[in-house]
Structures are given as structure tokens and as C-alpha cells.
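In the order they appear, the protein sequences are chains A and B. 1 is the number of the first residue of the first sequence in our numbering; add one for each residue after it. 264 is the number of the first residue of the second sequence in our numbering; add one for each residue after it.
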Amino acid sequence: MPHIPSFIVAPFLCALVIAVTLSLYSFIVVVKRWAFLSVGVSHAAFGGVALGFLLGIPVGVSASAFALAAAFLMGHMKSKGNIHEDVATGVIFSVFMALGVVLFSIREGYISDVFSYLFGSMLAVGWREVFVALTLSALSIGFLLAFKRDIFLMLVDPEMAYVMGVPVRRTYNLLLALFTLNVVVAIKLIGVILVSALTVVPASVAIFFFSKLKHIMLLSVTVGVLAVMAGMITSYITDLPPGATTALTAGALFFGALLISKR
Amino acid sequence: MRKTALLVENLSVKMGNKPILEDVSFEVKEGEFWGIIGPNGGGKTTLLRAILGIVKPSKGRVEIFGNHPEKAVAEGLVGYLPQRIEGMVPFTARDFVELVGGDGNKFLKLVGMSEKADTPFEKLSGGERQRVMFAAVLSRKPKLLLLDEPHTGVDIIAQDSFYSILKELKEKGITILMVSHDVGVIVNFVDKIACLNKKLKYTGNPRGALDCKLLEELYGTKMEVFVHHPECEGCHIYRRS
């Protein structure tokens, strides 16, 4: 039996949990057209990461606060300011990201930290991260299962859902908050810049082949787990950042599936 | 005396400073079938959204069976069929109706979609999707139905069968308010018609809406109304001259 170094068990387990959860939420990202929003919240979290380092507070807390603030600010600008979601996302994420760059610049010796948060790092993930990912995953998947009807009616058409008795605003806010927190949890491993590969690719690939929800979800999780595991193994062997290897694997799966589905 | 199903009183809606609806008032009795016609941008969809409480009026009020719209919606008194849906539906027709909470077989049969019950929603034509959505809406057994141009992209045969379903629902006492751009057809089926272009230009007998001067005022263009055959209910057409 090959020897498995103990320090990679936690990152691999964490990656597995993140892959399953984000792959399930990936369907919502694709249907709700949240792809750019997912890029936005992950980049916005970078501001929180920098603030956490600067003030010496837990990075996960400050990154979550920044990402949640960005996610809801984008929604608020869209609904109240009559600004298109793309525009709101573009403005918010660049401002929050720029804030992160400024804060990191103030702090000395930031280069390795920046690189690690931009592209992910296996070494940054320990058993505490596994515990957080597992807890959040249980909450997130539990929410999907418990409110399946409300969530999917809202995805089909929010106004029709409202008339069918769905508390649309509450459902939307909870869904957005859980999705955002899952993105933040994935940042340590996959990185700010590349985590969107995991939020967009799995369901996109599944939708090429299936139109029934159950099949979409199953293939989505398969694609997500495959991309993350292949990315992690490649990262471990080659010492490349796990975010980059995961995003490349996910990209290869996407283009491969695109070619096969068009035949 | 029949109960009031829907009361719209002095309803005004603004988007920013732009008036979309101005001082609209009408009353729909239980079991009536009303049509709302008017040009694009005349406020027809906004009226439905204001009735549902999705759009907040700048003035006036709406009551559905004596209730505030949000309460009526929460109690399941209202069914709403939007013109189109925003997202993707990753279900079969039956799954979709059952997700809403109804008996898939029963309600798909009602709208003539039994044969397509196991077809993925995304593979249905525009008209078929509309009928599946209608089945989902009916499965909640609403007392008031609001329909927003349900005939968009639907052929004449499907349109006729849709009107037959509406006729059956009306006979069961369901109140219907339907927005349509097809003046010539809707006047043959409804009890009353409302002509809307920001303000109500006319409410009453549907035949009264075929008056050329009224239609010219409503649509802002010259209109001629032709009745092709007195026995052919579907042959009334209107056209620009």
C-alpha cells in the first residue's frame, strides 16, 4: 500500500467536502446566472483576507464578512438602484479586491500570503478547515433538501414562486448567504481567482447531457469531485498551486464534455 | 348578488417619476371572465403585478376577495401565469406540477398534456410549456386567475383549446383576468373587457371594444375592424389601415 503523508489527508478531505457542496450549488449558479456573481464574491473576500492579516483577526471571519457584504450589496444595487447585476458585480468586486491589494501592501512580507490566497494552497488547510467545511456543507445540503420546492420554484420564476406561496426574499437571501460562505471556505484551498471554476463547471457539464434534476445533480457532483481530486493529486505531485490544477482539470472536463455533447 | 372577486380602486403606479398606471379603477365579480387589452407599454403586465402586490402602487388600493393582495397570495386565492419564465426547469412536465404540490396526472390531463407528462420541460415547445405551467398554477386551485398573454407563441388550435379550458374553469366559478394583445379573439370569449393605455379607456361589453375610434385612441394608430363571417367566432380581426 502506498504511503500517504498525514499532512495531505486534511486538505484532500476538505477538497472532497467542498467539491460535493459547490457542485450541488453549481446548478443554482448556472440557472440563476450567478457565474459572474460567484467571481465577484470570491474576489471581494480577498479584501477581507487582507484585513484579517492586517488586524490579526481570524481571516475566515473577515473574508466571510467581506464576501457576504459584497454579495448583498450587489443584490441591493440591482433591486434598489436599478443597476444591472453585471455592472454592480463589476464595480463591487474590483473595489473590494483593490482594497485587499492596498491592505496587503501596507503589511510587510505579504507576497507568499497573497499568492496562497490568490491561487490556493494545500498547506493552508488543516483539520479546523475540515470541520468548518463539513459543518457548512451539512447546513447547505440540508437547506437544499428541506426547501427543495421553494428553491426550485424561485429558480424557475421568482414572481410565479411568490404567487405560489414561496417566501422568495428569505429563500434567496439564505441561498446566497450559504453559497457565499461555501465560496469563502473553498478560497484557502482553491484560491480567490480560481474558485469560480468549481462553482460554474460541474452543473454546466451536467446540463450538456441531462435535463432531469436528479441526473444533473449526480453528474454535477461527479464532475466536481473528479476535477478537485485530479487537481489535488496533480498539485501534490507537481507542487503546483491546487487552484490552478483544479481549474485546469475542470476546464478540460468542460471542453471535453462540450465536444462529446455536440456529436 | 355575486361577491366582488377583485377590486382595483384609483390605482396609480410610477417607475421613478414615470407614470405607468394612472388612476385605474374597476371591479370584477366572482366567476367573471375579464380581458385586458392595450398597446405594448400600456401597463397591462404592471397592472397584474400591482394586483399581486409585486409592484407597490404610488396611490390607490387592491382587494382580492376582500383581502390585501399579499394575504390573498399567502392564502392561495390567486393563480398567476406569467408571459414567460425566467429560469430553466430541470424537470419533466409531471415533476414540475408535482413540485408545486398538485396531482401531475390530473392537472396535465386537464390542459391536454397527458401524453407529454414524462417529457423534460426544456424539450417542450413554447405553447406546451405554457400549458404545463398553467397545469401547475391550476393545481393550487386558485379562485382568481391572472393570465399574462398566455397565447404568445401558441398556434390557433392550441389557442382554441386554451379558451375551452378557460370556459370550463369559468363555469366552475373561477374568476379570470387575462391580458391579451389579440383584440379580435379575446372579445369573443370574455364577459367584460378593459382597454388600458396607462389609463382605462374603456370597461364594459367586449363588443364595445371593437369600436374603431376607441381602438385608434388606445393604440395611437388608425384601425379598421373586420368581421369575416358572422358564424365564425374566431374570425374577427383588426388591422392597421
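Cβ atoms here follow ideal geometry from the backbone N, Cα and C, with glycine treated the same way. Since we're looking at a predicted model, the values are computed, not measured.
- Secondary structure at Trp-297/B: strand, using DSSP grouped into helix, strand and coil.
- About 19 Å separates the beta carbons of Val-442/B and Lys-292/B, which is beyond the 8 Å limit, so they are not a contact pair.
- In summary, Thr-180/A is buried, with 16 or more beta-carbon neighbours lying within 10 Å of its beta-carbon over all protein chains present.
- Bridge pairing for Leu-440/B: Trp-297/B, Leu-409/B [DSSP].
- Between the C-alpha atoms of Leu-51/A and Phe-147/A there is a straight-line separation of about 35 Å.
- The alpha helix (DSSP H) runs lying completely inside the region 72 to 99 of chain A and spanning 4 residues or more number zero.
- Contact note: Tyr-25/A does not reach chain B at a C-beta cutoff of 9 Å; the least C-beta distance is about 14 Å.
- Within chain B, the C-beta atoms nearer than 8 Å to that of Pro-158/A come from Glu-349, in chain order.
- Look at Lys-455/B here: in three-state DSSP terms it is strand.
- The DSSP-derived three-state label of Asn-468/B is coil.
- Look at Met-164/A: its C-beta is under 8 Å from a C-beta on chain B.
- Interface with chain B (8 Å Cβ-Cβ cutoff): Ser-79/A is excluded.
- Within 10 angstroms of the beta-carbon of Ser-94/A lie fewer than 16 other beta-carbons, which makes it exposed.
- DSSP places Pro-5/A in the coil class of the three-state scheme, outside both helix and strand.
- Counting along the chain, no beta strand (DSSP E) covers Val-450/B, and no H or E run does either.
- Contact of Gly-339/B with chain A is assigned, a C-beta pair being separated by under 8 Å.
- Of all residues in the region 315 to 327 of chain B, the ones placed with a Cβ closer than 9 Å to any Cβ belonging to chain A are Leu-315, Gly-316, Ile-317, in chain order.
- In this structure, Val-374/B and Ala-398/B form a Cβ contact; the two beta carbons are roughly 5 Å apart against a cut-off of 8 Å.
- Taking C-beta separations shorter than 6 Å and ignoring five residues to either side along the sequence, the partners of Val-59/A in its chain run Val-49, Gly-52, following chain order.
- Beta-bridge analysis with DSSP links Leu-270/B to Glu-290/B, Glu-326/B.
- Scanning chain A for C-beta atoms nearer than 8 Å to the C-beta of Gly-342/B yields Val-163, reported in chain order.
- One Cα belongs to Ala-69/A, the other to Val-20/A, and the distance between them is close to 25 Å.
- Looking from the CA of Ser-116/A, the closest CA among Ile-193/A, Val-130/A, Ile-260/A, Val-30/A belongs to Ile-193/A.
- For Arg-394/B, the nearest beta carbon of chain A is not closer than 8 Å to its own beta carbon.
- For the set Gly-191/A, Ala-252/A, Val-228/A, Leu-175/A, the Cα lying nearest the Cα of Trp-34/A is the one of Leu-175/A.
- The C-beta of Val-352/B comes closer than 8 Å to at least one C-beta of chain A.
- Residue contact with chain A for Thr-355/B: present (Cβ-Cβ distance below 8 Å to some residue of chain A).
- For Gly-342/B, there is no enclosing alpha helix (DSSP H); the enclosing beta strand (DSSP E) has its first and last residue at 341 to 344.
- Taking C-alpha positions only, Val-200/A is separated from Val-30/A by approximately 6 Å.
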